[in-house]
Amino acid sequence: MNISVVIPLFNKAEYIERAVHSVLSQKHPASEIIVVDDGSTDAGASVVEKINSSKVRLLQQANKGVSAARNVGVRAANAEFVAFLDADDVWHDDFLSNIQSLYQTFPDARIFCTGYEFNTVEGKRAAKNQHLLENRGLLKDYFLACCNADLPITSSSVCIAKESLLKVGGFKEGLSLGEDQAVWGSVACQWPIAYDKSVSVMYDLTASSVGQSPSDFEQPSPHIFEFQRLLDDGIVPTELIGSVKYLQHLTVMSSVKSNLLIGNRMKALKLLLTHPLLQWDRYRVAAFFLLIMPKSWIARSYMALKHRR
1 MNISVVIPLF NKAEYIERAV HSVLSQKHPA SEIIVVDDGS TDAGASVVEK
51 INSSKVRLLQ QANKGVSAAR NVGVRAANAE FVAFLDADDV WHDDFLSNIQ
101 SLYQTFPDAR IFCTGYEFNT VEGKRAAKNQ HLLENRGLLK DYFLACCNAD
151 LPITSSSVCI AKESLLKVGG FKEGLSLGED QAVWGSVACQ WPIAYDKSVS
201 VMYDLTASSV GQSPSDFEQP SPHIFEFQRL LDDGIVPTEL IGSVKYLQHL
251 TVMSSVKSNL LIGNRMKALK LLLTHPLLQW DRYRVAAFFL LIMPKSWIAR
301 SYMALKHRR
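All residue numbers for the sequence shown refer to full-length UniProt numbering, where the first residue is 1 and numbers rise by one.
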């Protein structure tokens with residue numbers, strides 16, 4: 001199994017060397033490491049140039065966004081499979097070995113992923129997802145696995161067949177959020193996903209969450225409209241339609257929550273009353289009740305619901 005690794009880079013000079021060295025330290029070696037500098041204004045590109053490895057290639061472009069950077073890397077990749085790593089995340093040394101093992105066990109799968117952990121200011125914790133397999137196997141319902149849980153696939157814990165990725169059009173350029181989820185969803189509708197629960201990736205929230213706040217999510221993530229396109233075009237298998245629609249609903253409800261937390265009650269109310277992708281469930285009912293509650297009580301209520309999942 002030959003694997004090209006694509007690392008999009010934008011103003012992560014502090015972390016990029018760590019990311020690249022985590023790839024170079026893999027027990028199962030990567031064929032190549034393609035770092036795509038997306039118009040960084042810091043010294044990230046210079047850091048990459050100083051890494052002493054013939055496997056590392058640096059490509060540079062004007063700033064076009066992470067999707068465009070990933071697509072450039074995919075098109076430049078020479079291997080049959082492409083794995084992705086964000087510039088501020090880290091692979092454990094067994095990540096590619098676990099991917100290789102999945103491929104040997106499930107050769108018909110076109111996308112392979114492993115468990116991961118979050119690095120937070122409080123320490124590390126493994127991602128939690130009650131929908132996933134206890135050990136390893138084929139993921140039956142990607143969309144259900146995205147519901148009320150940490151995501152089953154991140155842009156640092158996945159390897160995909162280059163041909164399959166190109167067939168679904170690569171990463172959607174122009175999406176402000178969820179561009180990777182749109183891709184995994186498209187692939188999940190057409191090919192098997194193999195999963196190994198082994199924690200093989202560190203997702204560094206201390207680096208990637210800088211500047212993020214509830215106000216960044218006032219509008220539903222646009223990737224749900226990519227899911228709607230899959231539904232409208234008849235691409236979603238019949239047995240997955242219900243899960244896709246419920247995931248769309250939960251994504252809109254996440255935006256409702258963000259608006260409530262920052263005090264945008266009218267925006268929250270408008271979403272609750274008019275958004276066409278919403279369903280009726282306990283979250284929607286609770287949100288109407290929270291509209292009349294103090295802001296501090298809203299935060300406590302959402303935390304209580306989260307811990308009851």
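Ideal Cβ placement from N, Cα and C applies to all residues, glycine included.
A quick note: this is a predicted structure, and the numbers were derived from the prediction, not measured.
Residues of its chain near residue i, where Cβ-Cβ distance is below 8 Å and the 5 sequence neighbours each way are ignored
| i | result |
| --- | --- |
| Arg57 | Glu32, Ile33, Ile34, Val35, Ala76 |
| Ser164 | Arg110, Ile111, Val187, Gln190, Trp191 |
| Lys27 | Asp93, Asp94, Leu96, Ser97 |
| Pro222 | Leu175, Ser176, Leu177, Gly178 |
| Lys124 | Glu117, Phe118, Met202 |
Euclidean distance between Cα positions of residue i and residue j
| i | j | result |
| --- | --- | --- |
| Gly170 | Leu269 | 35 Å |
| Gly141 | Lys50 | Correcting the residue identity first, residue 141 is Asp in this sequence and not Gly. Distance between the alpha carbons of Asp141 and Lys50 is about 43 Å. |
| Val168 | Gly178 | 15 Å |
| Gly115 | Met266 | 39 Å |
| Pro220 | Ala68 | 22 Å |
| Pro152 | Glu117 | 12 Å |
| Val5 | Ala62 | 21 Å |
| Gln228 | Leu277 | 9 Å |
| Glu239 | Asp180 | 23 Å |
| Tyr246 | Asp232 | 16 Å |
| Asn2 | Gly234 | 33 Å |
| Pro29 | Ile241 | 38 Å |
Proximity of residue i and residue j at Cβ, strictly below 8 Å
| i | j | result |
| --- | --- | --- |
| Ile193 | Leu271 | no |
| Ser243 | Phe143 | yes |
| Phe112 | Cys159 | yes |
| Phe81 | Ala161 | yes |
| Val201 | Ser155 | no |
| Leu9 | Ala87 | yes |
| Ile16 | Val66 | no |
| Ala43 | Gln60 | no |
| Asn11 | Ser40 | yes |
| Lys85 | Ile7 | The displayed chain sequence assigns Leu, not Lys, to residue 85. Yes, these two residues count as a Cβ contact at 8 Å. |
| residue 310 | Glu122 | Residue coverage of the chain in this structure runs from 1 to 309, which leaves residue 310 outside it and unanswerable. |
| Ser218 | Asn148 | Here the sequence assigns Glu to residue 218, which means Ser is not the residue at that position. No, the Cβ-Cβ distance between Glu218 and Asn148 is not below 8 Å. |
| Thr251 | Ile292 | no |
Start and end residues, beta strand (DSSP E) containing residue i
| i | result |
| --- | --- |
| Met202 | 193-204 |
| Arg57 | 56-61 |
| Leu138 | 136-139 |
| Phe81 | 81-84 |
Per-residue DSSP class, three states only, for residue i
| i | result |
| --- | --- |
| Gln100 | helix |
| Asn52 | coil |
| Ser4 | strand |
| Asn119 | strand |
| Phe227 | helix |
| Phe95 | helix |
| Lys295 | helix |
| Ser155 | coil |
| Thr105 | helix |
| Leu9 | strand |
Start and end residues, alpha helix (DSSP H) containing residue i
| i | result |
| --- | --- |
| Tyr15 | Per DSSP, Tyr15 belongs to no alpha helix (DSSP H) and is neither H nor E. |
| Phe289 | 282-290 |
| Glu179 | 179-188 |
| Ala149 | Premise fails: Ala149 is in no alpha helix (DSSP H) and is neither H nor E. |
| Ile235 | Where Ile235 is concerned, there is no enclosing alpha helix (DSSP H), given that its DSSP letter is neither H nor E. |
| Val252 | 241-261 |
| Glu163 | 162-167 |
| Ala268 | 265-274 |
| Ala76 | 66-76 |
Nonlocal neighbours in the same chain, by C-beta distance under 6 Å from residue i, ignoring five residues either side
| i | result |
| --- | --- |
| Val236 | Cys189, Leu230, Val244 |
| Lys55 | Glu32, Ile33 |
| Ala127 | Tyr116, Asp150 |
| Asp196 | Asn98, Leu102, Thr114, Arg136 |
| Trp184 | Ile153 |
| Glu134 | none |
Contacts around residue i, its chain only, beta-carbon distance under 7 Å, and the 5 residues preceding and following it disregarded
| i | result |
| --- | --- |
| Phe106 | Leu138, Pro192, Ala194 |
| Leu205 | Phe118, Asn119, Thr120 |
| Arg18 | Val90 |
| Asp108 | Pro192 |
| Val72 | Val36, Leu59, Gln61 |
| His249 | Leu277, Leu278, Gln279 |
| Arg284 | Met253, Leu272, Leu278 |
Residue i: CB within 7 Å of a non-hydrogen atom of the ligand GDP
| i | result |
| --- | --- |
| Ile33 | Among the ligands in the structure shown, none appear at all, so the ligand GDP cannot be discussed. |
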